[in-house]
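Q: By our numbering, the letter at position 256 of the sequence shown is numbered 262, and the numbering carries on one by one without gaps. Beta carbons are placed, not taken as given, at the ideal position from N, Cα and C, and that holds for glycine.
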Amino acid sequence: MILCASNTSLTAGIWHGNRLQSMQFFANTEQGHVDFSAYLIKNHLPNIYLIANSIDEDYRVESLPHTTGKTRTEILQRKLNQFSRNAVYRTAHFINRDADKRKDDHFLFVALNNTDFLSGWINAINTMQAPLVGIYMLPMISQEIIRLQKDQVKMQAAHILLCEQLTTGLRQSYLQNGKLRMSRMVPFRTDTSQPYASNDVEENKLSAFYATEIDKTRLYLISQRLASRDTALHVVLPSLDDNNIVCEHIAQHINAYCTPINLYNLAKPHLITPELLRLNPELLHMQLLANGFVPANLAPAAITKTYQLRQLRNSIVVASIMFGIFGLLVLIILMYKSYALNNEIQAKQAETTIQQHLYNEVSKNFPTSPIVSSELKTAVDLAQAIKTNSKTPARLMQVLSKAFDEQPQIQLARLRWVLSNGSSIKDDETNSVTPTSSNAIVDTSTGDPPTLLEIGFINAEIKDFNGDYRAALNSVTRFVAMLKTNPAVAQVTVVQEPVNVSSFANLQGSTADISANERPPAVFKLKVVLKPELPNENTVNESAVSESTRVKATP
Numbered sequence: 007m008i009l010c011a012s013n014t015s016l017t018a019g020i021w022h023g024n025r026l027q028s029m030q031f032f033a034n035t036e037q038g039h040v041d042f043s044a045y046l047i048k049n050h051l052p053n054i055y056l057i058a059n060s061i062d063e064d065y066r067v068e069s070l071p072h073t074t075g076k077t078r079t080e081i082l083q084r085k086l087n088q089f090s091r092n093a094v095y096r097t098a099h100f101i102n103r104d105a106d107k108r109k110d111d112h113f114l115f116v117a118l119n120n121t122d123f124l125s126g127w128i129n130a131i132n133t134m135q136a137p138l139v140g141i142y143m144l145p146m147i148s149q150e151i152i153r154l155q156k157d158q159v160k161m162q163a164a165h166i167l168l169c170e171q172l173t174t175g176l177r178q179s180y181l182q183n184g185k186l187r188m189s190r191m192v193p194f195r196t197d198t199s200q201p202y203a204s205n206d207v208e209e210n211k212l213s214a215f216y217a218t219e220i221d222k223t224r225l226y227l228i229s230q231r232l233a234s235r236d237t238a239l240h241v242v243l244p245s246l247d248d249n250n251i252v253c254e255h256i257a258q259h260i261n262a263y264c265t266p267i268n269l270y271n272l273a274k275p276h277l278i279t280p281e282l283l284r285l286n287p288e289l290l291h292m293q294l295l296a297n298g299f300v301p302a303n304l305a306p307a308a309i310t311k312t313y314q315l316r317q318l319r320n321s322i323v324v325a326s327i328m329f330g331i332f333g334l335l336v337l338i339i340l341m342y343k344s345y346a347l348n349n350e351i352q353a354k355q356a357e358t359t360i361q362q363h364l365y366n367e368v369s370k371n372f373p374t375s376p377i378v379s380s381e382l383k384t385a386v387d388l389a390q391a392i393k394t395n396s397k398t399p400a401r402l403m404q405v406l407s408k409a410f411d412e413q414p415q416i417q418l419a420r421l422r423w424v425l426s427n428g429s430s431i432k433d434d435e436t437n438s439v440t441p442t443s444s445n446a447i448v449d450t451s452t453g454d455p456p457t458l459l460e461i462g463f464i465n466a467e468i469k470d471f472n473g474d475y476r477a478a479l480n481s482v483t484r485f486v487a488m489l490k491t492n493p494a495v496a497q498v499t500v501v502q503e504p505v506n507v508s509s510f511a512n513l514q515g516s517t518a519d520i521s522a523n524e525r526p527p528a529v530f531k532l533k534v535v536l537k538p539e540l541p542n543e544n545t546v547n548e549s550a551v552s553e554s555t556r557v558k559a560t561p
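#1: Can you tell me where the alpha helix (DSSP H) holding N129 begins and where it ends?
#2: Which residue's Cα is closest to the Cα of Q149: K185, V529, L335?
#3: Alpha helix (DSSP H) containing F471: first to last residue?
#4: Check the C-beta distance from T121 over to Y142 and give it rounded, since I have them as a contact under 8 Å.
#5: Taking the continuous alpha helix (DSSP H) assigned at G75, which residues delimit it?
#6: Quick check on D387: buried or exposed, where buried means 16 or more other Cβ atoms within 10 Å of its Cβ?
#7: Which residue wins for smallest C-alpha separation from Q135, given the options Q355, S321, T491, L315?
#8: Just checking G428 against the ligand SAH - is the residue's beta carbon closer than 7 Å to any of the ligand's heavy atoms?
#9: If you reduce the DSSP assignment to three classes, tell me which class I57 lands in.
#10: Tell me, to the nearest whole angstrom, how far the beta carbon of R649 is from that of H255; I am working on the premise that it is less than 8 Å.
#11: Using the C-alpha atoms, what's the distance from L212 back to T17?
#12: Under 6 Å Cβ to Cβ from A302, same chain only, skipping five residues before and after it: list those, please.
#13: Short of 6 Å in beta carbon distance, which residues of its chain neighbour M292, apart from the five on each side in sequence? Order them along the chain.
#14: Using DSSP with H/G/I as helix, E/B as strand and the rest coil, what is T223?
#15: Please work out which residues of its chain come closer than 6 Å, Cβ to Cβ, to S189, disregarding the five sequence neighbours upstream and downstream, and give them in chain order.
#16: Start and end of the alpha helix (DSSP H) containing I260?
#17: Looking at the secondary structure, which residues open and close the beta strand (DSSP E) in which M143 lies?
#18: Decide if I267 is buried, meaning its Cβ has at least 16 other Cβ atoms within 10 Å, or exposed.
#19: Suppose contacts are defined by Cβ-Cβ distances below 8 Å. Is N13 in contact with T173 by that definition?
#20: Three or more C-beta pairs closer than 8 Å, one from the stretch 491-499 and one from the stretch 524-536: is that the case here?
#21: Give me whichever residues DSSP pairs with S43 in a beta bridge.
#22: Measure how close the beta-carbons of L239 and A262 come, nearest whole angstrom, since I'm counting them as under 8 Å.
#23: If you draw a straight line from the alpha carbon of G473 to that of A528, how long is it in whole angstroms?
#24: Does the count of Cβ pairs from the stretch 422-429 and the stretch 352-363 closer than 8 Å reach three?
#25: Roughly how many angstroms separate the alpha carbons of P137 and C264, rounded to a whole number?
#26: Just curious, the alpha helix (DSSP H) that K311 is in, first and last residue?
#27: Whose C-beta lies closer than 6 Å to the C-beta of A305 among residues of the same chain, with five residues either side of it excluded?
#28: Which of the three DSSP states, helix, strand or coil, is assigned to D64?
#29: Please report how far the alpha carbon of R284 lies from the alpha carbon of Q155, in whole angstroms.
#30: Could you tell me whether the Cβ atoms of K531 and N465 are closer together than 8 Å?
#31: Output needed for I309: all residues of its chain with C-beta closer than 8 Å, excluding positions within five of it in sequence on either side, in chain order.
#32: Are the beta-carbon atoms of E503 and R401 separated by less than 8 Å?
#33: Kindly indicate the opening and closing residues of the alpha helix (DSSP H) around F410.
#34: So, for M328: in the same chain, excluding its five sequence neighbours on each side, which residues have a beta-carbon less than 6 Å away from its beta-carbon?
#35: Where do the ends of the beta strand (DSSP E) carrying L186 lie?
#36: How would you write the range of the beta strand (DSSP E) that L277 sits in, first residue to last?
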């Protein structure tokens, strides 16, 4: 809904898109306000755009430093308070920006000084809680007429004076470089009360009236330093009649260019008849607003609160619908994937049934096995466990070989290698055969394959022993330390020393009196426990042993 309010009446129109559907007039009286409230209810409280056409209006052009964001808002608010502190409906409209080094911003400050003619309509809108989008000045919409007639009007003209015949009087709007700078409205005199002249006498009176008011406007522009005495005004006369005579009169008396504009050419695409436009010329401005040309809003936030709440509610509804559509799409996708997955499962089940049937048919021809399948499985598991625990004394030999190379005075007499799940096993010297993994000591009390330890019992002696037991003990100690430094060794225990260090030993006689043949050998015994072997370490050690053996065998 678009409204155009003047001091005496209100024009209300309903637009669907950019097409006028209906229009109604209301007098600015109490009964008119009541009828307007009923009109709002009848049309289900649509969004309302209000155009104000008043005599009591003020315009001022100001140059401000170029700023943005919060700083610009604060500067504009301060300027508005200086310009029109008591005005309720006011705004700052950006015009352009200087091209010089300062690049200042030019703003047009607009205010309605007298709002009594709007109070009745605003109260009716607030009472009905109808959403008011904004309040707009009629001359700010008039500049759109010049833009639409750029082929007919010389847009390069720096100074344009747009003179419009409205129901309330003559509206003169001054545009500089196509931008509104000021506007004034003059009521028609009693002898020129008709908006459009109907005969030559009235046309002459109208021409004289135009010339007089244009000359007054020129003087006002000069006083406000918006134009100089030498400035050539380009007067534009929108009308439904042929105003060539009026234009000629203006050009002769005030020395200005004058261009008539046929308003019907603008209204015809929107199916607005000349009769309707003749009765209400403001209808063209309402149509321009319906087309989407929305100028700066004069209404404060408190008046447009209902509209803002409706916009917020609509945004929430739209967001909810979008989320619902998104959820529905996700649901459809998931249902499609579930359907495809179920089809795939059914296909796999059918394929499994076919394969099972084929297997059953083939298995009927198999010979009867004398062994139960469970026993075969147990045998395979045992074979795998035996293969996993299958080890050789190669790793122990590697450890001892390295130690014997470092201690050449020590000679190996006996070696026993066993596998056990505990390190507390003792040596049995009656059996000198090195057992393999088949006769290793294994605890099978648990179901999992045990971790077997490699244990070696070493019997050795000191070569060329001369009776120096202290030196023999030191050699054994160094040999044990050498074994412990090997990362594969977990524990080294001296089972038997090369000399009897017991306090109960019988120490009689002299070692000097004993000959070399009669001297007992320095024999000792060790127990070596290796760390558990990594899974791939056995293969590496066996290859290392075979390589070492091949190198040593090379002459």
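A: In terms of the structure at hand:
#1: 122-133
#2: K185
#3: Taken as a continuous stretch (DSSP letters only), F471 belongs to no alpha helix (DSSP H), as it is neither H nor E.
#4: That pair is no contact at about 14 Å.
#5: 75-89
#6: exposed
#7: L315
#8: This structure lacks the ligand SAH, and indeed carries no ligand of any kind.
#9: strand
#10: Given a span of 7 to 561 for the chain in the structure shown, any question on residue 649 remains unanswerable.
#11: 25 Å
#12: T97, H99
#13: I8, C10, G19
#14: helix
#15: P145, S179
#16: 250-260
#17: 138-143
#18: buried
#19: no
#20: yes
#21: None, per the DSSP bridge assignment.
#22: 4 Å
#23: 8 Å
#24: no
#25: 42 Å
#26: 311-369
#27: G140, I141
#28: strand
#29: 20 Å
#30: yes
#31: I128, N132, L138, I141
#32: no
#33: 400-412
#34: none
#35: 185-192
#36: Premise fails: L277 is in no beta strand (DSSP E) and is neither H nor E.
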